[in-house]
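Asks: The structure is given below, and queries will be raised subsequently.
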Amino acid sequence: MKRDSLDNWKKFGKTDPYFGVLSDEKYKTENITEDGLNEFFETGEAYVKETAERITQAFSISLDQASILDFGCGVGRLAIPFSRITGKEVVGLDISPEIIEKAKEHAHTFERENVRFQVYDGKNLPELPSFDLVNSYIVLQHIEVDRGLALLQQLLDKVKIGGVAHVQITHGHELPTKSYLNFYLRTKVPAYNFLYSSIKHREFKFEPVMQMNLYNTSLLKSLFAKYSSEVKEVKTNHGGFLGSFYMIKREY
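Residue 731 in this note's numbering is what sits at position 241 of the sequence shown, and the numbering runs on without skipping anything.
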């Protein structure tokens, strides 16, 4: 029986909330330092700056008075920096209660009053207003495709007319066959991952691993076409997994 992505993320939320966002050993709970934490949030600052510039270049839209939804916000790595560039409210959503509590703590530490964080059930967005910007980065790839597409449609529904959805989605890979097969089995077959983890750590252990789900680009473009005729795309490559930033300016 395969392990659900919701279970995996909740596990990361309890044990490794920073490593679950950026898979670098220095962000593991037992390794992270104050300098490491500062560096973690600096990566968020850089992403937000780049995103704001990308959207302005694509659509001549400024985010200085944009209401913003950050879907799959984690501990606030992006939502908190977003709150610094806008005078409006920023909302962060995540499925892990433990991670949301961490995000609230960080918002308090950084004295950000225009950002709030909320838990959702992983399947349906909660009651929310519409937003000028809906952002999602390295999130949908960790959600099974059928559920991810349903959530993506809900996210697009939350974009105001004239607003923008900025979503990163993985749709392919260039990994060697052996490497991809090993990764696939670890994410889809718990018994295989238990054996792999136990051999790796030389003790009986189940090490959670994030799924990397590949979305069909034709299905994505068909969905986007229901909301806009103006979609911009920037290619991404994360460790051999190929994807795109899609920017959808909502028209209808």
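Note that beta-carbon positions come from the ideal geometry of N, C-alpha and C, so glycine has one too.
Model, not experiment: these values are computed from the prediction.
#1: Tell whether a beta-carbon distance below 7 Å holds between L630 and I659.
#2: Where F572 and V581 are concerned, what is the direct C-alpha to C-alpha distance, given to the nearest angstrom?
#3: In its own chain, which residues sit with a C-beta less than 7 Å from the C-beta of A556, not counting the 5 before and 5 after it?
#4: For T594, does the three-state DSSP call read helix, strand or coil?
#5: In chain order, what residues of the same chain lie with their CB nearer than 7 Å to the CB of F549, ignoring the 5 residues before and after it?
#6: So what's N703 in DSSP terms, helix, strand or just coil?
#7: For K492, does the three-state DSSP call read helix, strand or coil?
#8: Just to confirm, are G534 and L568 a CB contact at a threshold of 7 Å?
#9: Should I689 go down as buried or exposed, given a rule of 16 or more other Cβ atoms within 10 Å for buried?
#10: Starting from the Cα of K613, find the closest Cα among I551, V635, T726 and give me that residue.
#11: Sort out for me which residues DSSP pairs V654 with in a bridge.
#12: Just how far apart, CA to CA, sit N651 and T523?
#13: Please state whether DSSP places S734 in a helix, a strand or coil.
Replies: Straight from the coordinates:
#1: Position 140 of the sequence shown, counted from the start, is the residue given in the question as residue 630. Position 169 of the sequence shown, counted from the start, is the residue given in the question as residue 659. Cβ distance < 7 Å, so L630 and I659 count as in contact.
#2: Numbered from 1 along the sequence shown, position 82 holds the residue referred to as residue 572. Numbered from 1 along the sequence shown, position 91 holds the residue referred to as residue 581. If you draw a straight line from the Cα of F572 to the Cα of V581, it comes to about 10 Å.
#3: Mapped onto the sequence shown, residue 556 falls at position 66. These residues qualify, in order along the chain: T576, K578, D622, L623.
#4: One-based indexing of the sequence shown puts residue 594 at position 104. It is Lys, not Thr, that sits at residue 594 in the sequence shown. Here K594 sits in helix by DSSP.
#5: Within the sequence shown, residue 549 is the residue found at index 59, counting from 1. Excluding sequence neighbours, F549 sits near V654, K739.
#6: As a working note, residue 703 is residue 213 in the sequence shown. Note: N703 maps to coil in three-state DSSP.
#7: Translated into positions along the sequence shown, residue 492 becomes position 2. The predicted position of K492 is uncertain, since its pLDDT is 48 and thus under 50; no value can be drawn from it.
#8: On the sequence shown, position 44 is the one that residue 534 refers to. On the sequence shown, position 78 is the one that residue 568 refers to. In this structure, L568 lies closer than 7 Å to G534 by Cβ.
#9: Walking along the sequence shown from the start, residue 689 turns up at place 199. With fewer than 16 other CB atoms across the displayed protein chains lying within 10 angstroms of its CB, I689 is exposed.
#10: Indexing the sequence shown from 1 puts residue 613 at position 123. V635 is the residue among I551, V635, T726 whose C-alpha sits nearest the C-alpha of K613.
#11: For the purposes of this step, residue 654 is identified with residue 164 of the sequence shown, where counting begins at 1. In the DSSP assignment, V654 forms a beta bridge with L623, K739.
#12: Position 161 of the sequence shown, counting from 1, holds the residue named residue 651. Position 33 of the sequence shown, counting from 1, holds the residue named residue 523. At residue 651 the sequence reads Ile, which differs from the Asn that was named. Taken atom to atom, the span from the alpha-carbon of I651 to that of T523 is near 43 Å.
#13: Position 244 of the sequence shown, counted from the start, is the residue given in the question as residue 734. S734: strand per DSSP, three-state reduction.
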